[in-house]
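Visitor: For the record, in the sequence shown the residue sitting at position 181 is 181 according to full-length UniProt numbering, with numbers rising by one throughout.
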Amino acid sequence: MDGQQSLQASVNSSYIPSSMCDEESSEGAASGDDSSPLLSRQQAAGSLAARHCPEDSYNLVYIIFFLMGIGSLLPWNVFITAKQYWLYKLSNNSSPSAQEEPHNDLSDYFESYIAIASTLPSVLCLILNYLLVNRFSSQVRIMFSLLVILVVFVVTTVLVKVDMSGCRMQFFGGTLASVALVSGASNIFSGSVFGISGHFPMRISQAIISGQAMGGTLSALASIVDLAASSDVTESALVYFITADIFTLVCILMYLLLPRLSYSRYYMEVAAVPCSESNSHSSRSDSSSGSVPPLKPILKKTWVLGSCVFYVFFISIMVFPALSSGIQSMNKDSGNPWATTYFVPLTSFLLYNVADFCGRQVTAWLQVPGPTSRMLPLLVVSRTALVPLFMFCNYQPRYHLHNVFFAHDLFPVVFICLLGISLSLSLSKKLHI
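#1: What would DSSP say about aspartate 232, mapped onto helix, strand or coil?
#2: Below 8 Å between beta carbons: does that hold for alanine 244 and serine 236?
#3: Here's the rule: buried if 16 or more other CB atoms are within 10 angstroms of the residue's CB, otherwise exposed. What is threonine 248?
#4: How many angstroms separate the CA atom of glutamine 43 from the CA atom of isoleucine 196?
#5: Buried or exposed: which applies to serine 373, given that a residue is buried once 16 or more other Cβ atoms fall within 10 Å of its Cβ?
#6: Pull up the CB-CB distance for alanine 322 and serine 112, whole angstroms please, since I reckon it's below 8 Å.
#7: Identify the residues that DSSP records as bridge partners of isoleucine 317: which are they?
#8: Among Gln212, Leu87 and Ser325, which one has its Cα closest to the Cα of proline 412?
#9: Tell me whether tyrosine 267 sits in a helix, a strand or coil according to DSSP, three-state version.
#10: Please name the residue, chosen from Ile64, Arg168 and Leu73, that lies closest to lysine 89 on a Cα-to-Cα basis.
#11: For alanine 49, which residues in the same chain have their Cβ closer than 6 Å to its Cβ, ignoring the five residues on either side in sequence?
#12: Within the chosen definition, does the stretch 394–404 reach the stretch 173–190 through at least 3 CB pairs nearer than 8 Å?
#13: What first and last residue would you give for the alpha helix (DSSP H) that runs through cysteine 358?
#14: So what does DSSP say about tyrosine 342, is it helix, strand or coil?
#15: Taking the alpha-carbon positions, what's the alanine 137 to methionine 268 distance?
#16: Would a C-beta distance cut-off of 8 Å place serine 192 and arginine 141 closer than the cut-off?
#17: Would you say serine 183 and serine 118 are within 8 Å of each other, going by their C-beta atoms?
#18: Alpha helix (DSSP H) containing isoleucine 188: first to last residue?
#19: Give me the Cα-Cα distance between residue 513 and leucine 87, rounded to the nearest whole angstrom.
#20: Apart from the five residues on each side of it in sequence, which residues of its chain come closer than 8 Å, Cβ to Cβ, to arginine 260?
#21: I'd like to know whether the C-beta atoms of alanine 339 and cysteine 417 end up nearer to each other than 8 Å.
#22: With contact counted as at least three CB pairs below 8 Å, one residue from each stretch, are the stretch 204–211 and the stretch 59–79 in contact?
#23: Taking the C-alpha atoms as reference points, what is the distance between serine 288 and arginine 135?
#24: I'd like to know if the stretch 307–319 and the stretch 380–395 are in contact, where contact means that at least 3 CB-CB pairs between them fall below 8 Å.
#25: I think serine 223 touches threonine 363, with their Cβ atoms under 8 Å apart; what is that distance to the nearest whole Å?
Next up, the structure:
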């Protein structure tokens with residue numbers, strides 16, 4: 001009995017010991033009500049337990065989490081979508097024309113550099129978020145990460161109009177450092193937001209998942225509109241980054257509004273109440289040893305799905321955007337704006353994110369195969385076939401594989417749609433469990 005009483009759930013994480021509130025968990029599973037929180041709600045005392053759950057008026061809480069879902073992937077989408085701007089900044093050209101695509105080692109492999117600079121700090125920050133999940137509240141982690149993202153975006157916006165032609169390498173290093181900072185912060189932000197959503201009904205987690213896909217779609221649309229509105233790359237990039245600054249500020253304000261809404265306050269307060277007041281002394285004595293959720297039972301239960309998630313992102317990041325954004329139209333020399341200016345933004349970025357968003361909506365109604373199906377790992381591994389398909393499209397520059405087997409603009413369109421849909425179908429099945 002003493003050992004069970006010493007187990008205390010963290011308000012700031014999705015980890016709740018299995019011995020807590022067993023009776024309430026079984027009742028929730030038997031009812032099958034979608035309005036029940038994903039995590040076992042801690043047993044509240046007195047009037048808090050008897051309080052009627054308020055409604056989400058005007059779906060404000062859903063909208064806020066949807067916006068935070070957009071904001072969780074906004075930094076990554078902003079940096080990879082503004083390709084024309086980075087090509088101009090890393091080139092020797094002095095005329096900021098959207099029609100030009102200068103080539104050098106920095107611009108040719110910029111997406112690969114960004115992927116590396118983003119992935120490494122993301123992994124480190126995911127580990128850091130796991131270690132600090134019970135040491136810093138979710139509010140501290142979310143506000144800190146959003147402020148870091150906002151500062152990096154503001155600095156990036158200021159540098160748009162600064163001439164960097166004489167210090168391209170310094171600008172390149174600073175850009176990679178900015179990507180590393182903002183990627184780490186966005187991962188802490190995303191993990192913390194998903195941790196909070198675990199105390200809410202499933203629809204709130206679905207709002208975050210849908211928002212993540214919509215964030216890429218909005219970024220791609222904003223980039224295309226900016227290219228169409230101005231032939232000056234720096235002018236369009238300035239408007240683009242200012243929009244990202246404003247949206248990040250909106251995310252901060254929306255998160256500050258969240259505790260003031262009765263619907264969200266209800267679930268947050270219920271989650272914050274311990275199962276019994278008698279646990280307070282034992283939880284304080286064990287706080288140093290129990291501050292980190294046990295890793296072994298978590299890995300034992302999730303290693304299959306975790307491996308699938310890893311491989312899904314491994315293939316996706318390998319292809320998008322480093323490989324897919326280098327595929328050019330077969331009619332580029334015609335001078336048609338579709339083939340020169342809009343082909344990459346439309347096919348590589350907009351179509352991918354639209355396909356991702358559509359796939360995530362499909363999983364809300366269709367869960368085949370399920371997360372426990374043996375077919376799921378096979379389907380995840382089958383995405384490997386997409387890599388050679390993209391390689392044999394019209395990727396430029398070509399140094400080793402000189403043959404282009406898929407010599408039509410329709411092929412990369414189909415392949416990028418398959419990449420986006422298969423990502424969301426594979427990933428959302430794991431996030432919905």
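Ideal Cβ positions, reconstructed from N, Cα and C, are used throughout, including at glycine.
Guide: Taking the coordinates as given:
#1: Start at 1 with the first residue of the sequence shown, and residue 232 comes out as number 232. Reduced to three states, the DSSP call for aspartate 232 is strand.
#2: For this step, residue 244 is matched to residue 244 along the sequence shown. For this step, residue 236 is matched to residue 236 along the sequence shown. Result no, Cβ atoms of alanine 244 and serine 236 do not sit closer than 8 Å.
#3: Translated into the one-based positions of the sequence shown, residue 248 becomes position 248. Counting the other Cβ atoms within 10 Å of the Cβ of threonine 248 gives 16 or more, which makes it buried.
#4: Position 43 of the sequence shown holds residue 43. Position 196 of the sequence shown holds residue 196. Low local confidence applies: a pLDDT of 45 at glutamine 43 is under 50, so the model's placement there is unreliable, with the coordinate-based value given in what follows. Spanning the two alpha carbons is a distance of roughly 17 Å.
#5: As a working note, residue 373 is residue 373 in the sequence shown. Looking at its Cβ environment, which holds fewer than 16 other Cβ atoms inside 10 Å, serine 373 is exposed.
#6: By 1-based counting over the sequence shown, the position of residue 322 is 322. By 1-based counting over the sequence shown, the position of residue 112 is 112. Right, the Cβ-Cβ distance comes to about 5 Å (below 8 Å), so this counts as a contact.
#7: The residue given as residue 317 occupies position 317 in the sequence shown. In the DSSP assignment, isoleucine 317 is bridged to no other residue.
#8: In the sequence shown, counting from the first residue as 1, residue 412 sits at position 412. Among Gln212, Leu87 and Ser325, the Cα nearest to that of proline 412 is on Ser325.
#9: Against the sequence shown, residue 267 aligns to sequence position 267. Reduced to three states, the DSSP call for tyrosine 267 is helix.
#10: As a first step, residue 89 is located in the sequence shown; it is residue number 89 there, counting from the start. Closest option to lysine 89, Cα to Cα, is Arg168.
#11: Position 49 of the sequence shown holds residue 49. Bear in mind that the predicted position of alanine 49 carries a pLDDT of just 42, short of 50, making it unreliable; the figure below should be weighed with that in mind. Contacts found: none.
#12: no
#13: Numbered from its first residue, the sequence shown carries residue 358 at position 358. Start and end: 351–362.
#14: Locating residue 342 in the sequence shown gives position 342, counting from the first residue. DSSP places tyrosine 342 in coil when its eight states are reduced to three.
#15: Your numbering for residue 137 matches position 137 in the sequence shown. Your numbering for residue 268 matches position 268 in the sequence shown. Correcting the residue identity first, residue 137 is serine in this sequence and not alanine. Their Cα atoms are separated by approximately 13 Å.
#16: Here residue 192 is taken as the residue at index 192 of the sequence shown, counted from 1. Here residue 141 is taken as the residue at index 141 of the sequence shown, counted from 1. Taking 8 Å as the Cβ cut-off, serine 192 and arginine 141 qualify as a contacting pair.
#17: As a first step, residue 183 must be located in the sequence shown, where it is residue number 183. As a first step, residue 118 must be located in the sequence shown, where it is residue number 118. Yes.
#18: Start at 1 with the first residue of the sequence shown, and residue 188 comes out as number 188. Isoleucine 188 -> alpha helix (DSSP H) spans 168–197.
#19: Missing from the structure shown is residue 513; the chain here goes from 1 to 433 and no further.
#20: To locate residue 260, count along the sequence shown from 1; it is residue 260. The answer is none, since no qualifying residue turns up.
#21: Sequence index remark: in the sequence shown, residue 339 carries index 339 (1-based). Sequence index remark: in the sequence shown, residue 417 carries index 417 (1-based). Going by C-beta atoms, alanine 339 is not nearer than 8 Å to cysteine 417.
#22: yes
#23: Taking the sequence shown and counting its residues from 1, one reaches residue 288 at position 288. Taking the sequence shown and counting its residues from 1, one reaches residue 135 at position 135. In this predicted model, serine 288 has a pLDDT of only 45, less than 50, meaning its place in the structure is not dependable enough to derive any value.
#24: They touch, by the three-pair rule.
#25: Position 223 of the sequence shown, counting from 1, holds the residue named residue 223. Position 363 of the sequence shown, counting from 1, holds the residue named residue 363. In fact, because the Cβ distance is near 27 Å, the residues do not count as touching under 8 Å.
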